[in-house]
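*Asks:* Next up is a structure, given as structure tokens.
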Amino acid sequence: MRGRVATSSTGEDGLRIQDLPSPRCGAEQVRIANHAAALNFPDVLITRGQYQMRLDPPFLPGSECAGVVVEVGSAVEAIAVGDRVLTVSGVGAFDDLPSACAELHAGRTIGKTVIEVRQ
């Protein structure tokens, strides 16, 4: 997996593309092949250490992305491999396979949001 890692709190100058280990999905998680990530003002502030949520580098910024589910945990029933989804994760969306794996509980989210997109 490759990700855009904030290696310092210097904004876009501190972002580096790095190869990262790919964590396994837990029972109540899904993994998404990232097709698009949004860049929001809070993302810019987070990478500069100027947002109310302060993270120590290195970390994966990116608060939301859209893509296709490539892995589902054993307890996930509402979402299947191949579903198109949008996730709002807070951080971690600037990688190829968001390792934050949106956490699901009985079709609802805990701390992260996954919304299935239908055509």
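As numbered in the numbering used here, the sequence shown has no gaps in its residue numbers, which increase by one up to the final residue, 408. Idealized CB from N, CA, C, for every residue including glycine.
Could you tell me which residues DSSP pairs with V357 in its beta bridges?
*Replies:* If you number the sequence shown from 1, residue 357 lands on position 68. The partner list for V357 (beta bridge, DSSP) reads A322, R373.
*Asks:* Less than 6 angstroms between C-beta atoms, sequence neighbours within five positions excluded: which residues of the same chain meet that for T299?
*Replies:* On the sequence shown, residue 299 is found 10 positions in, with the first residue counted as 1. Cβ within range, chain order: n/a, list empty.
*Asks:* Round the Cβ separation of F383 and P350 to the nearest angstrom and send it over; I've been treating them as touching at under 8 angstroms.
*Replies:* Here residue 383 corresponds to residue number 94 of the sequence shown, with the count starting at 1. Here residue 350 corresponds to residue number 61 of the sequence shown, with the count starting at 1. About 5 angstroms; that satisfies the 8 angstroms criterion.
*Asks:* Decide yes or no for the touch test of the region 305-320 against the region 338-346: beta carbon pairs closer than 8 angstroms, at least 3 of them.
*Replies:* They do not touch, by the three-pair rule.
*Asks:* Give the C-beta separation of V333 and S352 to the nearest angstrom, bearing in mind that I take them to be a contact with Cβ-Cβ under 8 angstroms.
*Replies:* Here residue 333 refers to the residue found at position 44 of the sequence shown. Here residue 352 refers to the residue found at position 63 of the sequence shown. That pair is no contact at about 11 angstroms.
*Asks:* At the level of alpha carbons, what is the spacing between R305 and G338?
*Replies:* Walking along the sequence shown from the start, residue 305 turns up at place 16. Walking along the sequence shown from the start, residue 338 turns up at place 49. Each residue's Cα considered, the two are about 16 angstroms apart.
*Asks:* Suppose contacts are defined by Cβ-Cβ distances below 7 angstroms. Is V243 in contact with V361 by that definition?
*Replies:* With the chain running from 290 to 408 in the structure shown, residue 243 is simply not present.
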